[in-house]
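Engineer: Mapping of the sequence shown onto the numbering used here: position 265 corresponds to residue 255, and the numbering continues sequentially without gaps. Ideal Cβ positions, reconstructed from N, Cα and C, are used throughout, including at glycine. Quick one: this structure, given as structure tokens, is what I'll be asking you about.
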Amino acid sequence: MIDSLAVELGRAASFLAARGVENARLDAEVLLADVLGFDRAGLFAARRPSLDDHEHRAFDALLGRRARREPLQYVRGRQEFFSREFLVDCRVLVPRPETETLVEVALRLARPLDAASVLDLGCGSGVIAITLALELPTATVFASDVSPDAVEVAHENARRLNVAGRIEFGCGDLFAVARGRRFDLVVSNPPYVRRADIERLAPEVRDYEPRVALDGGEDGLDFYRRLALAAGDVLGGDGMVATEIGHGQGRAVAEIFTDAGLRVVGSEGDLAGIERVLVVRRG
């Protein structure tokens, strides 16, 4: 990187840091690389004397959005998940690394099954359903969300990744779109933040991500109660549910499912060692 771009990056990083942005230098590098059409590694090999007027305006516009604490993923319009790039914006939650743990568990459960029938409940941007469709070529995949905007984003991601014909999308609450179907596996990353805690979240989450995808009720467990009561109606004979859970929620969520007549058969921690996924079985 030549000196003029280094100066530009220093200015941008200071601008973001002064507004409370964590990893300000990294974010500045990512955004500048986007403006110049490079990946971040290519930015440091760039042989550019300076930004032209158009590039400067574009960079400042992106910096302005990030300085207002809009998530970097929304500013860029994309996020990597399971080594694939997905479109994201304020209509859907930002896909997080922890949810890759849920996908890994779902794959482990579904692969031994012959032509598994899988439902992604609360699909958001579609990262779970689409990844499962790509990794399980014989599976039948359904995806639903209560938000029509989220379903629109998920469908666009499926189209871009060439699996739109493999996934049936629906919009509705809980299992309303199941229409009498039975599933071998229901997968869900539900809202599980306690309502009182939402205002204490980082501005990137609190002010930009969809509240309906965050708010789990007074104790964060509302969705699990509803899921547990209804799951028996849509699971096949040995059907399973794999659901993401919040930090410290494992025991409470397990009790909810057990009280509803489901059997807890396992849990999985994320890369930080935090219990992140609970697996339950019918009967």
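#1: Take the Cβ of Thr248 as the centre, count every other Cβ of all protein chains shown within 10 Å, and call the residue buried at 16 or more, exposed below.
#2: By a C-beta neighbour count over all protein chains shown, 10 Å radius and 16 as the cutoff for buried, is Gly114 buried or exposed?
#3: Straight-line CA distance for Val287 to Arg266?
#4: Would you kindly report the start and end of the unbroken alpha helix (DSSP H) that includes Gln63?
#5: Considering only residues of the same chain and omitting the five flanking positions on each side of Ala123, which have a CB-CB separation below 6 Å?
#6: DSSP three-state label for Val78, please.
#7: DSSP puts Gly256 in a beta bridge; with which residues?
#8: Skipping 5 residues on each side, what residues in its chain have a beta carbon closer than 6 Å to that of Arg271?
#9: Just checking my contact of Val25 with Phe5 at CB under 8 Å: how many whole Å lie between their CB atoms?
#10: In the DSSP assignment, what are the bridge partners of Phe213?
#11: Need the endpoints of the alpha helix (DSSP H) that Ser4 sits in, please.
#12: When the distance is taken between beta carbons, is Leu97 closer than 8 Å to Asn147?
#13: Below 8 Å between beta carbons: does that hold for Leu217 and Gln239?
#14: Terminal residues of the continuous alpha helix (DSSP H) containing Asp275?
#15: Below 8 Å on the Cβ atoms is my contact criterion, and I expect Asp163 with Val108 to pass it. Report the Cβ-Cβ distance as a whole number of Å.
Structural biologist: Taking the geometry as given:
#1: exposed
#2: Counting Cβ neighbours within 10 Å, Gly114 comes out buried, since at least 16 surround it.
#3: Nothing about residue 287 can be read from this structure; the chain reaches only from -9 to 273.
#4: 62 to 66
#5: Val131, Val153, Arg156, Ile157
#6: coil
#7: Gly256 is bridged to Val269.
#8: Met230, Arg253, Val255
#9: Contact doesn't hold; Cβ gap of about 15 Å is too wide.
#10: Phe213 pairs with nothing; no bridge assigned.
#11: -7 to 7
#12: No, Cβ-Cβ distance for Asn147 and Leu97 is not below 8 Å.
#13: no
#14: Beyond the ends of the chain as shown, which are -9 and 273, falls residue 275; an answer cannot be given.
#15: Contact between Asp163 and Val108 does not hold, since the beta-carbon distance rounds to 19 Å and is not under 8 Å.
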